[in-house]
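Below: the structure, in structure tokens.
In the numbering used here, the protein residues as written are 3 to 35.
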């Protein structure tokens, strides 16, 4: 049960990090052009 909860939190953290990185890259690209 605890391991499953940790896996869910880990996936959420990865998704949030991926979204943040993608957002930053998008802002950098749109700002340069």
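Backbone N, C-alpha and C fix where the C-beta goes; we use that ideal spot for every residue, glycine too. Remember, it's a predicted structure, so these values are computed and weren't measured experimentally.
**Message:** Please report the straight-line C-alpha distance between residue 9 and residue 15, rounded to a whole angstrom.
**Reply:** 10 Å
**Message:** Tell me the rounded alpha-carbon separation between residue 11 and residue 23.
**Reply:** 18 Å
**Item:** Length of the line joining the Cα atoms of residue 18 and residue 5
**Value:** 20 Å
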